Amino acid sequence: MKKSWIVIGIAVITVLIGLAVALFIGLQQQKQQVAEMQELAELDKQEMENEYERFTLQYSEMMTQINNDSIIEQLTQEQLRTQQLLEELKNVKASDAREIARLKKELATVREVLRSYIRQVDSLNQVNKSLMAENSQIRGQLEQTNLEKRDLQQEKQNLTEKVAIAAQLDATGITLTPLNKRGKAEKKIKNAKTLQVSFNIARNVTASNGNRTIYVRMTKPNGQSFSAGTFAYENRQLEYAMKKVIEYNGEETSVQTFWTVGEFLEAGEYRVSIFADGHMIGSRTFNFK
């Protein structure tokens with residue numbers, strides 16, 4: 005009788021140890037998923053900071069290329085505004101989704117304003133180059149040829165830098181809609197049979213035309229990603245839920261992607277991030293009951 009109790013005790017202890025190990029492993033996995041989500045948010049914030057800094061330097065460069073006090077004053081004001089937004093971004097935590105989203109919208113506005121000034125400054129530079137070419141003829145054909153060669157090399161370098169800034173795509177109007185089995189929108193995420201992610205690739209006449217691969221990354225309230233595969237981003241591999249190849253011609257392009265639900269989805273915050281050409285081009289969080 006005593007041996008039976010000993011055997012039962014050992015069995016109970018073994019089961020408890022097994023449960024403890026399983027709980028420990030589960031907590032470690034959840035901790036890793038949360039850390040990955042935080043790391044992605046930090047990467048997003050760092051990329052935004054880098055863009056703000058590049059835009060600030062671009063304004064300084066443009067001010068050295070023109071001799072127009074009115075435009076220089078306008079560029080100075082926009083540069084100060086960009087620097088102010090950069091300081092606000094540096095003081096914001098990556099986990100503050102609302103403030104990050106606001107500064108991302110401001111970044112898109114700054115980018116569009118910068119593009120308009122690039123076009124304006126380029127136009128003035130073309131006029132100035134024409135005048136320089138006329139004056140250089142007086143000093144001799146050889147001097148003119150050398151000057152034009154140097155100008156073309158500098159213009160090519162400046163154009164490459166401008167295209168890198170101006171050609172980046174923007175994803176706007178991002179929505180995440182749970183659909184029931186009849187394809188109708190559902191308010192409660194647990195009733196969803198399909199998740200629909202819709203957004204627009206904004207008009208950008210400076211971007212090159214052609215096929216673009218769009219990756220849609222979604223994370224659940226527990227930080228776990230919906231996974232259909234991986235893609236390269238910032239020297240690492242990230243999981244994506246949906247991938248779609250679109251034909252982009254510089255005009256606004258609507259995109260819709262779908263995820264078939266095969267598991268129970270809990271209420272909480274879901275995050276959608278859009279990637280293209282090695283950049284995160286848009287992100288938004290959604291709360292579902």
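When we follow the numbering used here, the leftmost residue of the sequence shown carries the number 5, and every step to the right adds one.
From the three backbone atoms N, C-alpha and C, an ideal C-beta is built for every residue, glycine too.
Nothing here was measured: the structure is a model prediction, and the numbers come from that model.
Buried or exposed: residue i, going by 16 or more other Cβ atoms within 10 Å of its Cβ?
i: V203; result: Just to set this straight, residue 203 is Phe in the shown sequence, not Val. The residue is buried, with at least 16 neighbouring Cβ atoms inside 10 Å.
i: G282; result: exposed
i: Q50; result: exposed
i: E251; result: exposed
i: R154; result: exposed
i: Q158; result: exposed
i: T113; result: exposed
i: T18; result: exposed
i: A39; result: Confidence in A39 is poor, its pLDDT being 47 and thus under 50, which makes the residue's placement too unreliable to answer from.
Quick one: residues in its chain with C-beta nearer than 7 angstroms to the C-beta of residue i, no 5 flanking neighbours on either side, listed in chain order?
i: S277; result: R221, M284, S287
i: V265; result: A196, K197, T198, L199
i: M52; result: L93, L107, K108, L111
Determine, using beta carbons only, whether residue i and residue j come nearer to each other than 9 angstroms.
i: A206; j: S229; result: no
i: G254; j: N215; result: no
i: I178; j: K293; result: no
i: A98; j: T289; result: no
i: E243; j: A236; result: no
i: K180; j: E190; result: As written in the sequence, residue 180 is Leu, which differs from the Lys given in the question. No, the pair does not count as a contact, with Cβ atoms beyond the cut-off.
i: L47; j: E270; result: no
Whole-angstrom Cβ separation of residue i and residue j, contact assumed at under 8 angstroms?
i: E82; j: V117; result: 6 angstroms
i: F262; j: L173; result: Not confirmed; about 21 angstroms, so no contact.
Output needed for residue i: all residues of its chain with C-beta closer than 8 angstroms, excluding positions within five of it in sequence on either side, in chain order.
i: E248; result: It should be noted that the sequence gives Lys, not Glu, for residue 248. Excluding sequence neighbours, K248 sits near T217, I218, V220, V259, T261.
i: T86; result: Y56, F59, T60, Y63, V114
For residue i, which residues from the same chain have a beta carbon less than 6 angstroms from its beta carbon, with the 5 sequence-adjacent residues on both sides left out?
i: M67; result: I76, L79
i: E273; result: P225, T289, N291
i: L128; result: I70
Per DSSP, what are the beta-bridge partners of residue i in this structure?
i: Q260; result: S202
i: E273; result: N291
i: Q241; result: A236
i: E251; result: N215
i: I75; result: I75 is not bridged to any residue.
i: F279; result: Y219, M284
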